[in-house]
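One structure below.
Residue numbers (this note's numbering), protein chains in the order written: chain A, 1 to 293; chain B, 1001 to 1293.
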């Protein structure tokens, strides 16, 4: 089945035509932040135009924030300034197609579980580390797809630690997200650098090494919470930070092993899908909607 | 269906005959700690004797530690000094009945979900706070029943905090279990008191109040982790500490509300079943085994 999907980000929205797990075409446009009507129209217009070239069988939209997939409502997004938006219903009404609304990180979980690094695993976690941090949890062979699951970025790993955008203290995201790594490095050195740049300097720049290690330890603490509550045989790391590869994974494996006592020690690997994970996963949600799942 | 069940604890083993969720009779005997053959015989003899009075349709045994319900193997118990013991297979072989092996806290989850405080809830957690701390997790209307799930007691809530029996630092159990509360109070005051005694003194004894508050904050941190990863509409508190009632629940609700930012705030209530939860839950596992689930 061919699907037309949208992966809405805080800055850009990716629009794609997907056949099974293959991206036939895609385009990236700025997200109309705060204007839900414009976003609704943008996605509906894209689906209509995709139908002139393809026989589209279903459609889906994935968004950040709190999403209720059962009702198709985007409950809340801080960055996109919306609450209680029925995108799922709008998408179905505007297109007449089977339609789904999902969480962007849950979608990445579907992509990795059905077609990527977590394929064949009954119990796994897909942790997406980018501007924020969230996880998709696979339990008993299925991605858990409900509101608020996997918000590991807002779980506390350091009591009284740095403040988070949501008002918490010491949340994982406030220490280990790509944004937090850059921010911490700048606060420490007075120099501006991205997390990607910092990851290339850890052998030569002690400040970079210290900031990176702190993020790694915090991620290990988050994975420790996951393994204590809902242990996995496999933890897949995705998102922008995962592009650092073994510079991230090798110390992370060490830190997780050192930290866990009686819990299962998971294999830790990089994601298969990068920036396309949301679209590939959205296509799975669309196909599930078409099948009435 | 009538079942004969055993709830094996670190000190005592409870043997019961259960019809549906009702305990027809029960007896408590010392656990033969470290002697798995004696424990095997004890349970088999009990089932045989129960069959002289009742038409027993199935049997189950629940134990602490790490348990693999799928294979019926008690993988590890620190307190009972065993590893890789096939109690499930032994029980089936010794009795000829449909037989199950389960985790004692998971069993409490079955009891509360099917017959107690969590009845009718699709997503809930049953947190048992006694000598140790562990949780049973209910996801999408089912108790998650697999090895290592819900080991919240060994999740870190205070980096570098007090040492845990498993070698970790700052585990929830090392701060908030009944044993830890008593230990902390004694270390602070030089006086011996149980957690139950301490709970009655918090209005008059500032040391008791401080130790209690620390445990409450740690429990709130553990519930915060749960709500971040696998949010519930309801958290049921069981185990010995829950007998403190509102002295525990009221400040715990406050602490959880203060701590959570974007996560769902769960209702927090006491368990219905006390010391019988393990037997009532074991009866559910036995009945499921008889139904081939």
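All C-beta atoms in this analysis are idealised placements derived from N, C-alpha and C, irrespective of residue type, glycine included.
- prompt: Which residues does DSSP pair with residue 1142 of chain B in a beta bridge?
  reply: The residue labelled residue 1142 of chain B in the question sits at position 142 within the second chain. Residue 1142 of chain B pairs with B:1139.
Does the segment 1039-1057 of chain B touch the segment 1093-1101 of chain B, meaning 3 or more C-beta pairs lie closer than 8 Å? yes
Legend entry - From B:1195, B:1293 and B:1100, residue whose alpha carbon lies closest to that of residue 1130 of chain B: Counting from one through the second chain, the residue named residue 1130 of chain B turns up at place 130. Taking only the C-alpha atoms, the option nearest residue 1130 of chain B is B:1195.
Helix, strand or coil at residue 1228 of chain B according to DSSP, with G and I counted as helix:
Residue mapping note: residue 1228 of chain B aligns to position 228 of the second chain, counting from 1. Residue 1228 of chain B: helix per DSSP, three-state reduction.
Between which two residues does the beta strand (DSSP E) containing residue 1278 of chain B stretch? Here residue 1278 of chain B is taken as the residue at index 278 of the second chain, counted from 1. No beta strand (DSSP E) contains residue 1278 of chain B, which is instead part of the alpha helix (DSSP H) from 1277-1290.
Per DSSP, the bridge partner or partners of residue 19 of chain A: For this step, residue 19 of chain A is matched to residue 19 along the first chain. Bridge partners of residue 19 of chain A: A:2 and A:22.
Please classify residue 148 of chain A: is it buried, with 16 or more other beta-carbons within 10 angstroms of its beta-carbon, or exposed?
Taking the first residue of the first chain as 1, we reach residue 148 of chain A at position 148. Buried is the call here.
*When Cβ atoms are compared, which residues of the segment 143-154 of chain A fall closer than 9 Å to chain B?*
144, 146, 147, 148, 149, 150, 151, 152, 153 and 154
Between residue 1231 of chain B and chain A, is the shortest Cβ-Cβ distance under 9 Å, so that the two count as touching? For the purposes of this step, residue 1231 of chain B is taken as the residue at position 231 of the second chain. Judged by the 9 Å Cβ criterion, residue 1231 of chain B is in contact with chain A.
Check: Measuring CA to CA, which of B:1125, B:1137, B:1240 and B:1005 is closest to residue 1057 of chain B?
Finding: The residue labelled residue 1057 of chain B in the question sits at position 57 within the second chain. Measuring from the Cα of residue 1057 of chain B, the nearest candidate turns out to be B:1005.
Next item on the list: Tell me whether residue 1083 of chain B sits in a helix, a strand or coil according to DSSP, three-state version.
Entry: Counting from 1 along the second chain, the entry for residue 1083 of chain B is found at position 83. Here residue 1083 of chain B sits in strand by DSSP.
Report task. Just tell me which of A:201, A:204, A:85 and A:215 has its CA closest to the CA of residue 133 of chain A. Result -> Taking the first residue of the first chain as 1, we reach residue 133 of chain A at position 133. It is A:215 whose Cα lies nearest to the Cα of residue 133 of chain A.
Exercise. So, using beta-carbon positions, are residue 1106 of chain B and residue 1270 of chain B closer together than 9 Å?
Worked result: As a position in the second chain, residue 1106 of chain B is number 106, starting the count at 1. As a position in the second chain, residue 1270 of chain B is number 270, starting the count at 1. Not in contact: residue 1106 of chain B and residue 1270 of chain B (Cβ atoms no closer than 9 Å).
Going along the chain, which residues of its own chain have a beta-carbon closer than 8 Å to the beta-carbon of residue 78 of chain A, five neighbours each way excluded? For this step, residue 78 of chain A is matched to residue 78 along the first chain. Cβ neighbours of residue 78 of chain A beyond the five flanking positions: 65, 165 and 166.
Legend entry - 8 Å contact criterion, which residue 1101 of chain B and residue 1109 of chain B should meet: CB distance rounded: Indexing the second chain from 1 puts residue 1101 of chain B at position 101. Indexing the second chain from 1 puts residue 1109 of chain B at position 109. Not a contact, Cβ separation roughly 15 Å.
| task | List the residues of chain B that residue 226 of chain A touches, going by C-beta distances under 8 Å, in chain order. | result | In the first chain, the residue the question calls residue 226 of chain A occupies position 226. Within chain B, the residues near residue 226 of chain A are 1229.
Thinking residue 1125 of chain B and residue 1111 of chain B are a contact (beta carbons under 8 Å), I'd like their distance in whole angstroms, please. In the second chain, the residue the question calls residue 1125 of chain B occupies position 125. In the second chain, the residue the question calls residue 1111 of chain B occupies position 111. The pair is not a contact, with the Cβ atoms about 14 Å apart (cut-off 8 Å).
Are any of the Cβ atoms in chain B nearer than 9 Å to that of residue 293 of chain A? The count along the first chain starts at 1 and reaches residue 293 of chain A at position 293. It does not: the Cβ of residue 293 of chain A has no partner Cβ on chain B nearer than 9 Å.
Under three-state DSSP, which class holds residue 1068 of chain B? What you label residue 1068 of chain B is simply residue 68 of the second chain in a count that begins at 1. Of the three classes helix, strand and coil, the one that applies to residue 1068 of chain B here is strand, per DSSP.
On the DSSP bridge assignment, give the partners of residue 206 of chain A in chain order. Within the first chain, numbered from 1, the residue matching residue 206 of chain A stands at position 206. Residue 206 of chain A is not bridged to any residue.
**OP:** Would you kindly work out how many angstroms separate the C-alpha atoms of residue 160 of chain A and residue 284 of chain A, rounded to a whole number?
**Re:** Taking the first chain and counting its residues from 1, one reaches residue 160 of chain A at position 160. Taking the first chain and counting its residues from 1, one reaches residue 284 of chain A at position 284. If you take the alpha carbons of residue 160 of chain A and residue 284 of chain A, they lie about 40 Å apart.
When you compare the segment 261-269 of chain A with the segment 234-250 of chain A, are there three or more beta-carbon pairs, one atom per stretch, that lie closer than 8 Å? yes
Nearest residue (CA-CA) to residue 1071 of chain B, options B:1264, B:1253, B:1090 and B:1185 = Walking along the second chain from the start, residue 1071 of chain B turns up at place 71. The candidate whose alpha carbon is nearest that of residue 1071 of chain B is B:1090.
(request) Please list the residues of the segment 1206-1227 of chain B that have a C-beta atom closer than 7 Å to any C-beta atom in chain A, keeping them in chain order. (result) 1221, 1224, 1225 and 1226
Determine whether the Cβ of residue 174 of chain A lies closer than 9 Å to any Cβ atom of chain B. The sequence position of residue 174 of chain A within the first chain is 174, counting from 1. Cβ-Cβ to chain B under 9 Å: no for residue 174 of chain A.
Requested in this report: Quick one: using the 10 Å Cβ neighbour count with 16 as the cut-off for buried, is residue 113 of chain A buried or exposed?
Outcome: Start at 1 with the first residue of the first chain, and residue 113 of chain A comes out as number 113. With 16 or more other Cβ atoms within 10 Å, it is buried.
> Does the segment 240-247 of chain A come close enough to the segment 196-208 of chain A to have 3 or more Cβ pairs within less than 8 Å?
Replying inline: yes
key: Nonlocal neighbours in the same chain, by C-beta distance under 6 Å from residue 1184 of chain B, ignoring five residues either side   = Here the question's residue 1184 of chain B lines up with position 184 in the second chain. Excluding positions up to five away in sequence, the list reads 1211.
- Around the C-beta of residue 3 of chain A, are 16 or more other C-beta atoms found within 10 angstroms, so that it is buried, or is it exposed? The residue labelled residue 3 of chain A in the question sits at position 3 within the first chain. Its Cβ being crowded by 16 or more others within 10 Å, residue 3 of chain A is buried.
Exercise. If the cut is a Cβ gap below 8 Å, which residues of chain A does residue 1139 of chain B touch?
Worked result: Stepping through the second chain from its first residue, residue 1139 of chain B is reached at position 139. 139 and 144, listed in chain order.
query: To the nearest angstrom, how far is it from the Cα of residue 942 of chain B to the Cα of residue 1053 of chain B?
result: In the structure as shown, chain B starts at 1001 and stops at 1293, and residue 942 of chain B therefore has no counterpart that could be examined.
So for residue 1103 of chain B, helix, strand or coil by DSSP? Residue mapping note: residue 1103 of chain B aligns to position 103 of the second chain, counting from 1. Here residue 1103 of chain B sits in strand by DSSP.
task = State buried or exposed for residue 1206 of chain B, treating a residue as buried only when at least 16 other CB atoms are found within 10 Å of its CB.
result = Working through the second chain from its first residue, we reach residue 1206 of chain B at position 206. Classification of residue 1206 of chain B: exposed, given that the 10 Å Cβ count is below 16.
Checklist entry - Per DSSP, which one or two residues make a beta bridge with residue 1234 of chain B? => result Position 234 of the second chain, counted from the first residue, corresponds to residue 1234 of chain B. Bridge partners of residue 1234 of chain B: B:1124 and B:1267.
| CA-CA distance, residue 1288 of chain B and residue 1137 of chain B? | If you number the second chain from 1, residue 1288 of chain B lands on position 288. If you number the second chain from 1, residue 1137 of chain B lands on position 137. Each residue's alpha carbon lies about 18 Å from the other.
> Which chain A residues sit within Cβ distance under 7 Å of residue 1168 of chain B?
Replying inline: If you number the second chain from 1, residue 1168 of chain B lands on position 168. Within 7 Å Cβ-Cβ: 261.
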